[in-house]
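Beneath this line is the structure, given in structure tokens, with notes to follow.
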Amino acid sequence: MIVGKGKPVEEVVAMVEGYDRILVVGCNSCVAVCMAGGEKEVAVLASALRLAFRAKGREVQVEEAMTERQCEWEFVETVREKVERAQAVVSIACGVGPQTMARKFLDKPIYPGINTSFMGQPEEIGVWSEQCGGCGDCVLDEYGAVCPIARCAKRMLNGPCGGSQDGKCEVGNDTDCGWQLIYDRLKALGQLDRLERNVGPKDWSTDRDKGPRKIVREDVRV
Amino acid sequence: MTAQEMAKPVRKPLAVPEKVPATQRVLVVGGGVSGGTAARMLLGFGLEVVLVEKGAGAQPFEGQAGAELLTEARLVGLEGNFGDFKATIEAGGQIVWRTVGAVVVAVGVRTEPAKEVPLAITLTDFRRRMAAGEPIRNVCFLMDLEQSTPLAEFSLGLQFAFEAAQKKTSVYFLCRDVKVAEEGLERLYRSAREEGVLFIKNEARPTIAPLAEAASIQVMDLSPGAGSHLSRLCLTAEVIVVPEAFFPSEDNPGLAALLATDLDTKGYFQPANVRLAVGRTNRRGLFVLGDCRGPSSVAETIERAEATAQEIASLLGEGEKKVDWPVAVVDPEKCAYCLTCNRICPHKAAGMNLEEESAVIYASACYGCGLCVAECPSVAITIEKFSDAALVSSFASGGAG
Amino acid sequence: MNGKLVAFCCERSGMVAWQEAQANGGLPAELEVVAVPCAGRIGMVHLLKAFEGGAAGVMVFACIKDSCDSLRGNLHAEKRCESTRAILRSVGMEPERLEFCSIAPPMGAEFSEVVRTMMEKVSSEEREG
Numbered sequence: 127m128i129v130g131k132g133k134p135v136e137e138v139v140a141m142v143e144g145y146d147r148i149l150v151v152g153c154n155s156c157v158a159v160c161m162a163g164g165e166k167e168v169a170v171l172a173s174a175l176r177l178a179f180r181a182k183g184r185e186v187q188v189e190e191a192m193t194e195r196q197c198e199w200e201f202v203e204t205v206r207e208k209v210e211r212a213q214a215v216v217s218i219a220c221g222v223g224p225q226t227m228a229r230k231f232l233d234k235p236i237y238p239g240i241n242t243s244f245m246g247q248p249e250e251i252g253v254w255s256e257q258c259g260g261c262g263d264c265v266l267d268e269y270g271a272v273c274p275i276a277r278c279a280k281r282m283l284n285g286p287c288g289g290s291q292d293g294k295c296e297v298g299n300d301t302d303c304g305w306q307l308i309y310d311r312l313k314a315l316g317q318l319d320r321l322e323r324n325v326g327p328k329d330w331s332t333d334r335d336k337g338p339r340k341i342v343r344e345d346v347r348v
Numbered sequence: 099m100t101a102q103e104m105a106k107p108v109r110k111p112l113a114v115p116e117k118v119p120a121t122q123r124v125l126v127v128g129g130g131v132s133g134g135t136a137a138r139m140l141l142g143f144g145l146e147v148v149l150v151e152k153g154a155g156a157q158p159f160e161g162q163a164g165a166e167l168l169t170e171a172r173l174v175g176l177e178g179n180f181g182d183f184k185a186t187i188e189a190g191g192q193i194v195w196r197t198v199g200a201v202v203v204a205v206g207v208r209t210e211p212a213k214e215v216p217l218a219i220t221l222t223d224f225r226r227r228m229a230a231g232e233p234i235r236n237v238c239f240l241m242d243l244e245q246s247t248p249l250a251e252f253s254l255g256l257q258f259a260f261e262a263a264q265k266k267t268s269v270y271f272l273c274r275d276v277k278v279a280e281e282g283l284e285r286l287y288r289s290a291r292e293e294g295v296l297f298i299k300n301e302a303r304p305t306i307a308p309l310a311e312a313a314s315i316q317v318m319d320l321s322p323g324a325g326s327h328l329s330r331l332c333l334t335a336e337v338i339v340v341p342e343a344f345f346p347s348e349d350n351p352g353l354a355a356l357l358a359t360d361l362d363t364k365g366y367f368q369p370a371n372v373r374l375a376v377g378r379t380n381r382r383g384l385f386v387l388g389d390c391r392g393p394s395s396v397a398e399t400i401e402r403a404e405a406t407a408q409e410i411a412s413l414l415g416e417g418e419k420k421v422d423w424p425v426a427v428v429d430p431e432k433c434a435y436c437l438t439c440n441r442i443c444p445h446k447a448a449g450m451n452l453e454e455e456s457a458v459i460y461a462s463a464c465y466g467c468g469l470c471v472a473e474c475p476s477v478a479i480t481i482e483k484f485s486d487a488a489l490v491s492s493f494a495s496g497g498a499g
Numbered sequence: 176m177n178g179k180l181v182a183f184c185c186e187r188s189g190m191v192a193w194q195e196a197q198a199n200g201g202l203p204a205e206l207e208v209v210a211v212p213c214a215g216r217i218g219m220v221h222l223l224k225a226f227e228g229g230a231a232g233v234m235v236f237a238c239i240k241d242s243c244d245s246l247r248g249n250l251h252a253e254k255r256c257e258s259t260r261a262i263l264r265s266v267g268m269e270p271e272r273l274e275f276c277s278i279a280p281p282m283g284a285e286f287s288e289v290v291r292t293m294m295e296k297v298s299s300e301e302r303e304g
């Protein structure tokens, strides 16, 4: 799922400093599950904003709202009334949410309340790790379903590099060496021979390299 | 649907069950002193008991109404919750299932004889020889050899020393210091001395050499009153007893995982929490008893077994249990099925309802603590008495109440 | 701010200590007590709402380490208090207005002491303006 984390409250306060009526809107999808943009987080941020402005001597009206999935036109429409009442909106959905809101409510300032980071997996409560690089040309078949794009700091297709030590990556942060994981997995599958093949350079045109991407499915468009 | 209709969530009525089942049968895992005692007491309370013992037999148990003994058996699965556990047992190569209301784990400990002490036998072996009635002329107990002997083994040694002396055996008891930090031990020590047990303060490894039918033990006498100069004592003993080392059973981690309960840092079923210090666990209806919680004296074990049996009998009541404790309830409409409650619940009361595609809280297992309520990312869980509105202090909510 | 104090009390420890403190007398009239089944039930939003409602000081009374009936509820509560204090700092409020207190049931005197200390702390801050 998409994983993000709340921005420091001071940063959000600075964004909406000059307004008297603010709406904080969250999303019930990925960001709720990763505890960054759900109903509770909306309540906490709204409360923090009210306290921040009160400490500056201003009574600011901060409303709260939730969208089921903030990337959908119809769900964004459900909060129209509250958006139109506000002078500015702080969205704590993933980056797609505020942008959808901005395309719907053309004259309304929309501000991001979280930092969206990656497509990742919840390893345990409170821990999410990046797993998919969104490269557009999945090569998991070659690597025992461990992604060299997302899990190797250098995105190498023919790793490992000399910086792999005791299963950890030289970048530190206790980051696992993706290539150790690939090796362990291929060994368990009995497919170590895959590592003996030299994989040619990736066609990165399916990744961000070719600019913002779009998928069009003509088969469902009539 | 209009945008307004989409904005209004469809709510299913939330309800806590009035009663939950309380099967009048208890599973006891382990047929030793603690398990056997608990089983007999539970039968005395009118409950049925299924005793699962991995060995070939257990203390006298069979033949009573409501008692089922499964030997060469082990627990391989436990589903369900208090009042309605479903145990999967492998017995003599067959798989059987039993529905029980509560589970008692009394799987004991693993012992290893102390290493590299020539001619020594363990406490267990000595107990066996005494029970068999073998006459022993003289015995030497060696405590605190490599490290301080734990209190449980020390008190056992003291007990055996006293009993041997009562049978007119000459008893030497070597130790670094006499540990009496448990009720009755000081009295036992004095009785042992009165009975003629010779306590010798010893801090170094004695020299042990075999004799014809005994062993010679040479040790420095450090007892106060030994005289102004140190003297070497030469003792002869037919039997040398060195306490065995106690270890948690190697089965414990697997069993703990199966039971969804915790071990302490040493591997015993006794996590450091005062609420769990009497054999309760994180789960309602699951109890741990005896040495598997940590080596304990026989007296303590029996007392605990009686108390646990009593608690289970009162917990299980008459066959059904009225739910008079707070219970958390999941609203399936709001639930994102994210599994946070499953992972955070310390009492294993949160599960998955695959048909509803929602999390579910089991009333029989729920303690009503509210950890899931606080953490649920979708705010989908409620406890009636402790709703969010109830927690927002009255003046914050506008002065109501 | 209205000079009020809010104490969130775990039913197994804080509430019992509060009852003992009440019986001994001396608790300020400004104190409002909110009962919870376990301190782990308390969320950041409840703490912030208490401040929003005008509370000058907020206390959370939880069971002492290794005595929580739900094993970890007191640890969750402590973490949430830390996070809430960070927010107080971010919005220009004194983080000391929120206190996390480990308490055992028979500690009525300590309960009174914590409340008294908080009362003094927030009153002096009021005076300093």
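Chains as they are written, first to last, in our numbering: chain R, 127 to 348; chain F, 99 to 499; chain Z, 176 to 304.
Ideal Cβ positions, reconstructed from N, Cα and C, are used throughout, including at glycine.
Nothing here was measured: the structure is a model prediction, and the numbers come from that model.
In or out: residue i buried (at least 16 other Cβ within 10 Å) or exposed?
i          : result
Glu-284(F) : exposed
Pro-341(F) : buried
Val-348(R) : exposed
Arg-343(R) : exposed
Gly-199(F) : buried
Val-490(F) : buried
Gly-164(R) : buried
Arg-272(Z) : buried
Gln-247(R) : exposed
Val-216(R) : buried
Lys-166(R) : buried
Only counting the same chain, and skipping five residues up and downstream in sequence, which positions put a Cβ closer than 6 Å to that of residue i?
i          : result
Asn-177(Z) : Gly-229
Ala-231(Z) : Met-176, Gly-178 and Val-297
Thr-267(F) : Ile-234 and Val-237
Leaving out five residues before and five after residue i in sequence, what residues of the same chain have Cβ atoms less than 7 Å from its Cβ?
i          : result
Leu-202(Z) : Ala-196, Ser-287 and Val-290
Cys-332(F) : Ser-314 and Gln-316
Do residue i and residue j have their CB atoms nearer than 9 Å?
i          : j          : result
Val-209(Z) : Phe-183(Z) : yes
Leu-286(F) : Ser-253(F) : yes
Val-425(F) : Ser-456(F) : no
Val-266(Z) : Ala-181(R) : yes
Gln-196(R) : Arg-147(R) : no
Met-318(F) : Ala-302(F) : yes
Asn-241(R) : Gly-132(R) : yes
Asn-179(F) : Arg-373(F) : no
Val-202(R) : Pro-475(F) : no
Leu-206(Z) : Arg-255(Z) : no
Met-293(Z) : Leu-180(Z) : yes
Glu-207(R) : Thr-226(R) : no
Phe-224(Z) : Ser-277(Z) : A small correction: the amino acid at residue 224(Z) is Lys; Phe does not occupy that position in the sequence shown. Result no, Cβ atoms of Lys-224(Z) and Ser-277(Z) do not sit closer than 9 Å.
Ile-306(F) : Cys-273(F) : no
Val-126(F) : Val-202(F) : yes
Residues in its own chain within less than 8 Å of residue i by CB, not counting five upstream and five downstream?
i          : result
Gly-497(F) : Because Gly-497(F) sits at a pLDDT of 40, beneath the cut-off of 50, its placement in the model cannot be relied upon, and the following sentence gives the value as read from the coordinates. Answer for Gly-497(F): no residue qualifies.
Asn-199(Z) : Gly-283, Ala-284 and Ser-287
Glu-137(R) : none
Gly-365(F) : Phe-345, Pro-346, Asn-350 and Pro-351
So does the region 166-180 of chain F actually touch the region 190-203 of chain F, counting three or more Cβ pairs closer than 8 Å? yes
May I ask you to verify whether the region 188-201 of chain R touches the region 139-152 of chain R, counting CB pairs closer than 8 Å and requiring at least 3? yes
Interface residues of the region 205-227 of chain Z facing chain R [CB-CB below 8 Å]: Gly-218, Met-219, Val-220, Leu-223, Lys-224, Phe-226 and Glu-227
Is the region 388-405 of chain F in contact with the region 119-139 of chain F, if contact means three or more CB pairs nearer than 8 Å? yes
Residues of the region 230-246 of chain Z with Cβ closer than 8 Å to any Cβ of chain F, in chain order: Ala-230, Asp-241, Ser-242, Cys-243, Asp-244, Ser-245 and Leu-246
For the region 143-158 of chain F against the region 218-229 of chain F, do three or more pairs of beta-carbon atoms, one drawn from each stretch, fall closer than 8 Å, so that the two count as touching? no
Relative to chain F, which residues along the region 195-206 of chain R have a C-beta separation below 9 Å, given in chain order? Glu-200, Phe-201, Glu-203, Thr-204, Val-205 and Arg-206
Could you say if the region 302-311 of chain R and the region 226-238 of chain R meet the contact criterion of at least three C-beta pairs nearer than 8 Å? no
Below 7 Å between beta carbons is the criterion; list the residues of the region 421-443 of chain F that meet it against any residue of chain A, in chain order. Protein chains in the displayed structure are R, F and Z, and chain A is not among them.
So if I threshold CB-CB distances at 7 Å, which residues from the region 107-136 of chain F count as touching chain Z? none
For the region 340-373 of chain F, which residues have a CB atom closer than 7 Å to at least one CB atom of chain Z, in sequence order? Ala-370, Asn-371, Val-372 and Arg-373
If you pair each beta-carbon of the region 437-449 of chain F with each one of the region 252-266 of chain R, do three or more pairs fall below 8 Å? no
Counting beta carbon pairs with one atom in the region 405-414 of chain F and one in the region 136-143 of chain F, are three or more of them shorter than 8 Å? yes
Which of the residues in the region 466-483 of chain F, read from start to end, lie with their CB under 9 Å from any CB of chain R? Ala-472, Glu-473, Cys-474, Pro-475, Ser-476 and Val-477
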